[in-house]
Amino acid sequence: MAGFEAILADDSRIPDLIVTDIRLRDGASGKEVADRIRRHFAWAGVIPVAFITGELLSVQVLRDFPEPFVPLR
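Read in order, the letters of the sequence shown are residues 1170 to 1242 in the working numbering.
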């Protein structure tokens, strides 16, 4: 998570967009990472998130993403 920690360490560089896989290599959840980054920079406004995945997802998994997350197919 060195890259993730670097993002949080530099408050002068606010992300314009968060792009993350839903399931990360180290077992972390992309949703949890995006939520943490958004909370950290909450003072800067809403940062949009694009989740990507190569896995087949059920409709139920997509429902686990509450608003403002909008699943696109």
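From the three backbone atoms N, C-alpha and C, an ideal C-beta is built for every residue, glycine too. Keep in mind that this is a model prediction, so the values were computed, not measured.
Figure out for me which residue from the options has the closest Cα to the Cα of residue i.
i	options	result
ILE1176	ARG1207, ALA1197, ARG1194	ARG1207
PHE1173	PRO1217, SER1181, ALA1203	ALA1203
SER1181	PHE1210, ALA1197, ARG1205	PHE1210
Skipping 5 residues on each side, what residues in its chain have a beta carbon closer than 7 Å to that of residue i?
i	result
ASP1190	GLY1199, ILE1221, THR1222
Could you check how far apart the C-beta atoms of residue i and residue j are, in whole angstroms? I think they sit under 8 Å.
i	j	result
ALA1219	LEU1186	7 Å
Residues in the same chain with beta-carbon distance under 8 Å from residue i, minus the five sequence neighbours each way, listed in chain order, please.
i	result
ALA1213	ILE1183
Determine the DSSP secondary structure at residue i, reduced to helix, strand or coil.
i	result
ALA1213	helix
ALA1219	strand
ARG1192	strand
ILE1206	helix
Below 6 Å CB to CB, which residues in the same chain sit around residue i once its five sequence neighbours on both sides are set aside?
i	result
VAL1188	ALA1219
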